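Novice:
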């Protein structure tokens, strides 16, 4: 049997953390969470659906509530209808959207992409799984960005790409709170675990050197 990579093994923890972070805090305030993936958004979406299915018999964080305000409800229903038209009710995109999780990727039709951005901007949905296509040219209110992988294809993210991922949280005009979290496993002797931690420490070191230089 092929052994799963560290990033694949950590996905259940990633999704559970995202749901908790998108749920209301003790004051009832909700904060938007972006799971920023560099590749394979379909695989993440499929695994998220599987986790939700496994957790269907237990209480999960209340990260989504269908809007009751007429304006927001109209936007939400229009978005659902468009997603059904483009992808179908059996698609990962539609199944997750129904549950209050947006999936955004490079193959998203233009109208559908604009509707999803509107749903995020109006704070109807607070949990988003997306590639870099989502943030290009738009400011969106994400307080937390979760980064599950520092790889792109067969290579690694460079410092500019990593800086762009980290910089998606706390966009101007959407409050001062911001945090970007990179998902790593506990230290172990596993080669992939050690390589992931090595990549992370190297990128952090480069960022610190850049900030010191400025």
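In the numbering used here, the protein residues as written are 6 to 219.
In this text, a Cβ means the ideal position worked out from N, Cα and C, and glycines have one as well.
Note that the structure is a prediction, hence the values are computed from the model and not measured.
Relative to the C-alpha of residue 138, which candidate in 115, 131, 132 has its C-alpha closest?
Specialist: Among 115, 131, 132, the Cα nearest to that of residue 138 is on 115.
Novice: Going by DSSP, which residues form a beta bridge with residue 197?
Specialist: Paired residues: none, contrary to the question.
Novice: Are the CB atoms of residue 127 and residue 77 nearer to each other than 7 Å?
Specialist: Yes. Within cutoff.
Novice: With a threshold of 6 Å, establish whether the CB of residue 10 neighbours any heavy atom of the ligand MG.
Specialist: Ligands displayed in this structure: none; no statement on the ligand MG is therefore possible.
Novice: With three or more C-beta pairs closer than 8 Å as the rule, is the region 145-153 touching the region 183-192?
Specialist: Cβ pair count under 8 Å is three or more, so yes.
Novice: By Cβ distance below 6 Å, which residues in the same chain neighbour residue 41 in space, the five residues on each side in sequence not counted?
Specialist: So the qualifying residues of the chain are 150, 152, 170.
Novice: Spatial neighbours of residue 7 within its chain, please: C-beta separation below 8 Å, excluding the five flanking residues on both sides.
Specialist: The predicted position of residue 7 is uncertain, since its pLDDT is 43 and thus under 50; a value taken from the coordinates is nonetheless stated next. There are no such residues.
Novice: In this structure, does DSSP put residue 16 in helix, strand or coil?
Specialist: It is helical.
Novice: Going by C-alpha distance, which of 135, 104, 196, 105 is nearest residue 113?
Specialist: Nearest option by C-alpha distance: 135.
Novice: Less than 7 Å separating the beta-carbons of residue 110 and residue 46?
Specialist: It is a contact, given that the beta carbons lie within the stated cut-off.
Novice: Identify which residue in 205, 199, 106 has its Cα closest to the Cα of residue 71.
Specialist: Nearest C-alpha to residue 71: 106.
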